[in-house]
Amino acid sequence: MTQIDLNCDLGESFGHYVIGYDEQVLPLITSANVACGFHAGDFSVMHQTVERARKNGVAIGAHPGLPDLKGFGRREMKVSPTEVYDMVVYQIGALQAMTAAQGTRMNHVKPHGALYHMASDQQKIAEAVVQAVVDVNPDLLLFGMDGTFLTEVGEKAGLHVIYEAYADRTYQTDGSLTPRSRPDALITDSDQALAQVLEMIQYGTVTTTTREKAKVRAETICVHGDGTAALAFAETIRRELQDRGITIKAWQ
Numbered sequence: 012m013t014q015i016d017l018n019c020d021l022g023e024s025f026g027h028y029v030i031g032y033d034e035q036v037l038p039l040i041t042s043a044n045v046a047c048g049f050h051a052g053d054f055s056v057m058h059q060t061v062e063r064a065r066k067n068g069v070a071i072g073a074h075p076g077l078p079d080l081k082g083f084g085r086r087e088m089k090v091s092p093t094e095v096y097d098m099v100v101y102q103i104g105a106l107q108a109m110t111a112a113q114g115t116r117m118n119h120v121k122p123h124g125a126l127y128h129m130a131s132d133q134q135k136i137a138e139a140v141v142q143a144v145v146d147v148n149p150d151l152l153l154f155g156m157d158g159t160f161l162t163e164v165g166e167k168a169g170l171h172v173i174y175e176a177y178a179d180r181t182y183q184t185d186g187s188l189t190p191r192s193r194p195d196a197l198i199t200d201s202d203q204a205l206a207q208v209l210e211m212i213q214y215g216t217v218t219t220t221t222r223e224k225a226k227v228r229a230e231t232i233c234v235h236g237d238g239t240a241a242l243a244f245a246e247t248i249r250r251e252l253q254d255r256g257i258t259i260k261a262w263q
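Residue numbering for the sequence shown follows this note's numbering, beginning at 12 and increasing consecutively.
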């Protein structure tokens, strides 16, 4: 029987600034990637998000990003591998403390935004991220895309890598995500998102923006919690996958 995890980036509010539909999305997903204060989130939001995830039986993961609140962690920065290692250890450690304080545990790590793409494309950055995870807790799962340095280095380091695919992003012929700077980067129609998810799960391919097929591995499907269609996507995808006999469950 096929098992699929549904993950979503959560806890991205801070102070009086509120973003996303965390409370509504949580009952629909199985893994929460919790912002750790660098690109979004703060200590109170982290605490609240962990509490909500725990009550909903949702696996909790760290979502470390670059220190860029204004740019939401989506702008690349010139940072050294040592700086990347330190910031990832710092953020994982913060969420690990939050989960321990509430009698639960952290399950996985998924870098955010520009850091995710830098670790996918640059071996030294990938090595820094992976080493940070290994040094904090080698039992943590690592989320990443197939064919990237992040997952390749993670596998070699002995981490349990979970291969991620996206419901609401379009793909290029090399299997990478279409840059957000392009107008066709996002999928805003729930039927189109569902069709893409089903293709990825059933056939291991994705139809690219040029209508070609690219190979993809999909063990966890990401739906972005800050998108206006996040709720509709999560509801539709969960319902349709369950109707097809697919188990919706977090990887442990």
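Ideal placement from N, C-alpha and C gives every residue a C-beta, glycine not left out.
Tell me residue i's beta-bridge partners as DSSP assigns them.
i: Arg180; result: Leu197
i: Tyr28; result: Phe25
i: Ile71; result: Ala43
i: Ala130; result: DSSP output for Ala130 lists no bridge partner at all.
i: Val120; result: Ala73 and Leu153
i: Val172; result: Leu153
i: Lys226; result: Thr216
i: Asp258; result: Per the sequence shown, the amino acid found at residue 258 is Thr instead of Asp. According to DSSP, which records beta bridges pairwise, Thr258 is partnered with Gln14.
Who are the Cβ neighbours of residue i in its own chain at under 6 Å, not counting the five residues just before and after it?
i: Gln107; result: Met117
i: Thr115; result: Arg65
i: Met88; result: Leu77
i: Thr228; result: Checking the displayed sequence, the identity of residue 228 turns out to be Arg instead of Thr. These residues qualify, in order along the chain: Asp157 and Tyr174.
i: His171; result: Leu152
i: Ser24; result: Ile30 and Val56
Give the range of the beta strand (DSSP E) segment to which residue i is assigned.
i: Val45; result: Ser42 to Ala46
i: Asp20; result: Gln14 to Leu21
i: Gly155; result: Leu152 to Gly155
Alpha helix (DSSP H) containing residue i: first to last residue?
i: Leu267; result: Residue 267 falls outside the range modelled here, since the chain spans only 12 to 263, and no answer is possible.
i: His58; result: Phe54 to Lys66
i: Thr162; result: Phe160 to Lys167
i: Ile232; result: First-last for Ile232: Thr231 to Cys233, but that is the beta strand (DSSP E), not the alpha helix (DSSP H).
i: Thr219; result: Premise fails: Thr219 is in no alpha helix (DSSP H) and is neither H nor E.
i: Phe244; result: Ala241 to Asp254
i: Gln35; result: Asp33 to Val36
i: Ser107; result: With the sequence shown as reference, residue 107 is identified as Gln, and Ser is not the correct amino acid for it. Per DSSP, Gln107 belongs to the alpha helix (DSSP H) from Pro92 to Ala112.
Assuming residue i contacts residue j (C-beta within less than 8 Å), just tell me the rounded distance between them.
i: Gly5; j: Val147; result: Because the chain here runs from 12 to 263, residue 5 falls outside it and cannot be looked at.
i: Ala241; j: Val234; result: 6 Å
i: Val36; j: Cys47; result: 18 Å between Cβ atoms; not a contact.
i: Gln142; j: Val61; result: Wrong, their Cβ atoms sit about 25 Å apart, outside the cutoff.
i: Arg85; j: Arg222; result: Not a contact, Cβ separation roughly 27 Å.
i: Leu204; j: Ala70; result: With the sequence shown as reference, residue 204 is identified as Ala, and Leu is not the correct amino acid for it. Wrong, their Cβ atoms sit about 22 Å apart, outside the cutoff.
Output needed for residue i: all residues of its chain with C-beta closer than 8 Å, excluding positions within five of it in sequence on either side, in chain order.
i: Pro92; result: Lys135, Ile136, Glu138 and Ala139
i: Thr258; result: Met12, Thr13, Gln14 and Ile15
i: Glu210; result: Thr216, Val217 and Thr218
i: Ile198; result: Ala178, Asp179, Arg180, Thr181, Ala204 and Gln207
Starting from the Cα of residue i, find the closest Cα among the options and give me that residue.
i: Thr159; options: Leu252, Thr181 and Gly186; result: Gly186
i: Gly169; options: Arg191, Val144, Asp200 and Glu246; result: Val144
i: Glu251; options: Asp202, Thr231 and Gly52; result: Asp202
i: Gly266; options: Gln59, Asn67 and Phe49; result: Within the shown structure, residues of the chain are numbered from 12 to 263, placing residue 266 beyond reach of any answer.
i: Ala176; options: Ile232, Leu21, Leu126 and Glu163; result: Ile232
i: Glu94; options: Glu163, Leu126, Val120 and Asp53; result: Leu126
i: Ala73; options: Asp200, Tyr214 and Gln102; result: Gln102
i: Ala51; options: Asp150, Arg255 and Gly31; result: Gly31
i: Ala196; options: Lys167, Ile71, Thr41 and Thr181; result: Thr181
i: Glu166; options: Asp179, Ala178 and Pro149; result: Pro149
i: Ile212; options: Lys121, Pro122, Tyr28 and Gln253; result: Gln253
i: Pro122; options: Ala111, Met98 and Thr110; result: Met98
i: Gln133; options: Ala243, Glu163, Asp33 and Leu188; result: Glu163
i: Thr189; options: Gly256, Pro75 and His128; result: His128
The ligand COA heavy atoms versus the CB of residue i: any closer than 6 Å?
i: Ser24; result: This structure lacks the ligand COA; in fact it carries no ligand of any kind.
To which residues of the same chain is residue i closer than 7 Å at the C-beta, ignoring the five residues directly before and after it?
i: Leu161; result: Ala130, Ser131, Ala137, Val140 and Gly155
i: Pro38; result: Asn67
i: Arg249; result: Leu17, Leu39 and Ile259
i: Tyr96; result: Ala139, Gln142 and Ala143
i: Glu246; result: Leu39
i: Thr110; result: Val61, Ile71, Arg116 and Met117
Would a check of beta-carbon distances place residue i closer than 7 Å to chain D?
i: Phe54; result: Judged by its chain identifiers, the structure shown contains no chain D, having just a single protein chain.
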